[in-house]
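*Asks:* Just remember that this note's numbering sits 1 ahead of the position in the sequence shown, which is counted from 1. Okay, here's the structure, questions in a sec.
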Amino acid sequence: MKHTIKYLLPVFLLAVAAPPLPAQIEGIVRGILDHAATQSRQAPPQQQQQRHTQTQRQTSTRESSPRQAKRPFDGTWLATQSKVNPQGQQMVSRTFTMIIKDGKATRTLDTTNASSPDKPFYASIYELQRRWTYSSIDCVEQGTSLTIQWSPGQLADWAPKTIPNPVIEGFGAPIAETSVYKLKGDELTRINDPNGLVYHRAK
């Protein structure tokens, strides 16, 4: 028994005196984990700030893109024109409405012909109204210049309806044509028109 106590006593003292190595390791690991957790809690505000900055840039890009992509000719354009035919027998008034959007164009021509009292259009009718529509076959923008190749005019309406359709068609129909326009501010001038037709942008 004495021998047993003699051998166990040094082991006991050694065990008590020696530092617990696993406890040290555990403490170090816990410190590392605590530090990582602290960094993890601090990281989100920085990430949120980065995301906020990125969102602002994306929003700014989306807001500026439409302005950069705006086409100067897009919009509704109006023009009017009046003249007397060479024989002096008719007053012709014309109103043009042109809509340009995304590289395509449509045009409406409203024409009113007023004849002299001794030259009625049909029976006792002295005023004839017609509406023609056109569509662009090709539409090319080059700086402040616009070239449109128009389809032939299509008769969309006329008045008075008492005038038969064959009589209306007998007055002729607008043929296909190519128009060249020059943009200056809110004015669009057809430069290959001898009458100098000028369109104004609708407000």
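Built from N, CA and C at the ideal position, the CB exists for glycine as well.
Does Ala-80 pass the burial test, meaning 16 or more other C-beta atoms within 10 Å, or should it be called exposed?
*Replies:* Along the sequence shown, one-based indexing puts residue 80 at 79. Counting Cβ neighbours within 10 Å, Ala-80 comes out buried, since at least 16 surround it.
*Asks:* The beta strand (DSSP E) with Ile-101 in it runs from where to where?
*Replies:* Within the sequence shown, numbered from 1, the residue matching residue 101 stands at position 100. From DSSP, the beta strand (DSSP E) with Ile-101 extends over 91 to 102.
*Asks:* So, is Arg-72 buried or exposed, given that buried needs 16 or more other C-beta atoms within 10 angstroms?
*Replies:* Sequence index remark: in the sequence shown, residue 72 carries index 71 (1-based). By the neighbour-count rule (16 or more Cβ atoms within 10 Å), Arg-72 is not buried but exposed.
*Asks:* Under 8 angstroms by Cβ, that's how I've got Gln-155 and Thr-134 pegged, so tell me the actual separation to the nearest angstrom.
*Replies:* Here residue 155 corresponds to residue number 154 of the sequence shown, with the count starting at 1. Here residue 134 corresponds to residue number 133 of the sequence shown, with the count starting at 1. With a Cβ gap of about 5 angstroms, Gln-155 and Thr-134 count as contacting.
*Asks:* Where does the unbroken beta strand (DSSP E) through Ile-126 begin, and where does it stop?
*Replies:* As a first step, residue 126 must be located in the sequence shown, where it is residue number 125. Run containing Ile-126: none; DSSP gives neither H nor E here.
*Asks:* Could you say which of Tyr-127, Asp-75, Val-168, Pro-175 lies nearest to Ser-117 if we only look at CA atoms?
*Replies:* Mapped onto the sequence shown, residue 117 falls at position 116. Taking only the C-alpha atoms, the option nearest Ser-117 is Tyr-127.
*Asks:* I need the straight-line Cα distance from Ala-124 to His-201, nearest angstrom please.
*Replies:* In the sequence shown, residue 124 corresponds to position 123, counting from 1. In the sequence shown, residue 201 corresponds to position 200, counting from 1. Taking the straight line joining both Cα atoms gives about 38 angstroms.
*Asks:* Ile-169 by DSSP, collapsed to three states: which one?
*Replies:* Reading the sequence shown from its first residue, position 168 is the one you call residue 169. Of the three classes helix, strand and coil, the one that applies to Ile-169 here is helix, per DSSP.
*Asks:* Please report how far the alpha carbon of Gln-150 lies from the alpha carbon of Lys-183, in whole angstroms.
*Replies:* In the sequence shown, the residue the question calls residue 150 occupies position 149. In the sequence shown, the residue the question calls residue 183 occupies position 182. When rounded, the distance between both Cα atoms is 15 angstroms.
*Asks:* Using a Cβ-Cβ cutoff of less than 6 angstroms, which residues in the same chain neighbour Gly-76 once the five nearest sequence positions on both sides are dropped?
*Replies:* As a first step, residue 76 must be located in the sequence shown, where it is residue number 75. Answer for Gly-76: Arg-202, listed in chain order.
*Asks:* Go through its chain and collect everything with a Cβ distance to Lys-102's Cβ below 6 angstroms, but skip five positions before and after it.
*Replies:* One-based indexing of the sequence shown puts residue 102 at position 101. Counting only Cβ-Cβ distances below 6 angstroms, and skipping sequence neighbours, we find Asp-75.
*Asks:* Going straight from the alpha carbon of Thr-107 to that of Thr-113, what length do you get?
*Replies:* Position 106 of the sequence shown, counted from the start, is the residue given in the question as residue 107. Position 112 of the sequence shown, counted from the start, is the residue given in the question as residue 113. Rounded to whole angstroms, Thr-107 to Thr-113 spans 20 angstroms at the Cα level.
*Asks:* Rounded to a whole number of angstroms, what is the C-alpha to C-alpha distance between Thr-96 and Glu-142?
*Replies:* Walking along the sequence shown from the start, residue 96 turns up at place 95. Walking along the sequence shown from the start, residue 142 turns up at place 141. Near 24 angstroms, if we compare the C-alpha coordinates of Glu-142 and Thr-96.
*Asks:* For the beta strand (DSSP E) that contains Ser-180, what are its first and last residues?
*Replies:* Taking the sequence shown and counting its residues from 1, one reaches residue 180 at position 179. Element bounds for Ser-180: 178 to 185.
*Asks:* So Arg-132 packs on Ile-169, CB below 8 angstroms; how close in whole Å?
*Replies:* The sequence position of residue 132 within the sequence shown is 131, counting from 1. The sequence position of residue 169 within the sequence shown is 168, counting from 1. Rounded, the Cβ-Cβ distance is 11 angstroms, inconsistent with contact.
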